[in-house]
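Here is the structure we will look at, set down as structure tokens.
Number of protein chains: 2
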Amino acid sequence: MTIQEAAQRSGLSAHTLRYYERIGLIHSVGRNSSGHRDYAESDLQWLDFLTKLRTTGMPIADMCRYAELRRKGEETADERREMLELHRERVRSRIAELTQDLKVLDTKIDSYRGLS
Amino acid sequence: MTIQEAAQRSGLSAHTLRYYERIGLIHSVGRNSSGHRDYAESDLQWLDFLTKLRTTGMPIADMCRYAELRRKGEETADERREMLELHRERVRSRIAELTQDLKVLDTKIDSYRGLS
DNA sequence: ATTTGACTTAGAGCGCACTCGAAGGGTGAA
DNA sequence: TTCACCCTTCGAGTGCGCTCTAAGTCAAAT
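First to last, the protein sequences are chains Z and L.
Here this note's numbering is used: position 21 in the first sequence is 21, and no number is missing along the way.
Here this note's numbering is used: position 69 in the second sequence is 69, and no number is missing along the way.
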């Protein structure tokens, strides 16, 4: 599929897709006879996963590291799992923090209600 | 209290405190006889609240708007409450999103466990 | 044959939220 | 009094994650 279709389906812009490829997040996207990118379904699945990592706050540099390990093959599975477990802890902490802060917001909003 | 003490207690750097003052987030911090900043307890409370807004992802521009309304006094209470209610919704959505993404991470990690 | 429009690359630019540097002033200890 | 060290303002610099531009290629439509 074309870069525009891939952009549509991944929710990323064509610019961002090229950028991700340039920095090594996506490896070896196919090219058609005109030299244009031709995305496969597997690329889309990988992009979806990358997007999860991004929206959960993983820095691009870490994602690059993960992508690099993935390219190296099966023997890096443990290290990749460890990365994800560490990241999962950070996400859990973030959820906990946001949940706490939400209470502060609730209290503040209640105090405004009291005033009106 | 001095800017260093305020930095210590707020968890922000002295640089950031000056920056926040410059852009109008903190208004009229007192000065001592040498022209040095002299923070009051009320400044610290306000900073703590600002920090909650920041860590929950409110953009600086919105925080400035909120600070400006606060300076205008009691008649802006409704608008401030509305801002906070809107922000609270965004925080709730973010928590929901992170919670969903956490499941994806769990699944991925499980699949790695299956391989080892 | 020419125009349109999407694609390619490499590199520059942008917005956000700081973060730092330069130049100078005040205070307190040796 | 000299040194050390903190403070002041203001403007410039930084890091991140894109986002866009320029210059050129290619294919299809007119």
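Cβ atoms here follow ideal geometry from the backbone N, Cα and C, with glycine treated the same way.
Nothing here was measured: the structure is a model prediction, and the numbers come from that model.
Among the residues of chain L, those whose CB is under 8 Å from the CB of V91/Z are L98, D101, L102, L105, following chain order. Going by DSSP, E41/L is part of the alpha helix (DSSP H) stretching over 41 to 55.
For L12/L, no Cβ of chain Z is located within less than 8 Å of the residue's own Cβ. No Cβ-Cβ contact shorter than 8 Å links R70/Z with R54/Z. For chain L, the residues of the region 42 to 69 of chain Z that bring a beta carbon within less than 8 Å of one of its beta carbons are F49, K52, T55, T56, in chain order.
For T16/Z, the enclosing alpha helix (DSSP H) stretches over residues 14 to 22. Checking the DSSP bridge columns, you'll see D38/Z partnered with G30/Z. In the DSSP assignment, L25/L falls outside any alpha helix (DSSP H), carrying neither H nor E. Pairwise C-beta distances place the region 80 to 93 of chain Z out of contact with the region 59 to 68 of chain L, as fewer than three of them are shorter than 8 Å. Listed along chain Z, the residues sitting closer than 8 Å to R81/L by beta-carbon distance are I109, Y112, R113, S116.
What R88/L touches in chain Z, judged by beta-carbon distance under 8 Å, is L102, L105, D106, I109, going in chain order. Here T76/L carries a helix assignment [DSSP, helix/strand/coil].
D78/Z and D101/L have their alpha carbons spaced roughly 21 Å apart. Between T51/L and G11/L, the beta carbon gap of about 7 Å places them in contact (Cβ cut-off 8 Å). Using beta-carbon distances, L25/Z does not count as an interface residue toward chain L, since no partner is under 8 Å.
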